[in-house]
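**Student:** Can you keep this structure in mind? I'll have questions shortly.
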Amino acid sequence: MEPIRILFLCTGNSCRSQMAEGWAKFLHAGKIEAFSAGTQPSRVNPLAIQVMAEAGVDISTHRSKHLREFLGQRFDYVVTLCGDARDNCPVFPGASRMVHVGFPDPARAVGTPQEVLNEFRRVRDMIRDFVAGLPGTLANADPVHGGHLVSTTSHVGSVSLE
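Residue numbers for the sequence shown, in my numbering: 13 to 174.
Listed below in structure tokens is the structure:
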């Protein structure tokens with residue numbers, strides 16, 4: 013059986029989508045072929061790299077990519093991780109389903125360096141829990157309607173992780 017192809021999208025492709033891609037490859041190796049991109053890519057945030065490494069997931073070789081790099085490719089699912097990506101997501105021909113789950117942007121955290129790092133860890137763990145439950149979540153994703161991807165407006169607390 014071929015792996016499920018998933019594209020994770022967020023604004024900068026610097027934190028959330030990078031973490032999701034890393035977790036998908038780590039937790040679902042051989043079952044999910046994961047990619048990530050952003051609507052306004054910047055660079056992979058060093059704190060995202062650090063907190064993922066703490067959890068045993070190496071994303072240090074990842075680079076920030078624009079979603080245009082993936083237009084024309086086939087994906088089984090496109091998963092948006094923030095409202096900006098959801099609102100600016102183009103139609104991906106061949107993408108059968110769209111899922112939206114909003115996560116806080118850890119790059120916007122304020123406070124002491126330790127408080128900011130703790131926010132990165134908190135978001136990392138939220139994304140880990142979501143990605144761990146992807147098979148169940150994806151089974152409930154909305155199909156494409158009329159050639160356009162239809163998103164579900166779910167929040168982390170209401171998404172089935174089983």
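By construction, the Cβ of each residue, glycine as well, lies at the ideal position given by its N, Cα and C atoms.
1) The beta strand (DSSP E) with residue 71 in it runs from where to where?
2) My parser needs the alpha helix (DSSP H) runs of 4 or more residues fully inside the segment 36–96; what are they?
3) Could you give the residue range of the alpha helix (DSSP H) that holds residue 138?
4) Could you tell me the alpha carbon to alpha carbon distance between residue 14 and residue 44, rounded to whole angstroms?
5) Counting Cβ pairs, one atom from each stretch, are 3 or more of them under 8 Å apart for the segment 73–86 and the segment 110–117?
6) Mapping DSSP to helix, strand and coil, what is residue 24?
**Tutor:** Checking against the coordinates, here is how it stands:
1) Here residue 71 belongs to no beta strand (DSSP E), and DSSP marks it neither H nor E.
2) 58–66
3) 125–144
4) 9 Å
5) no
6) coil
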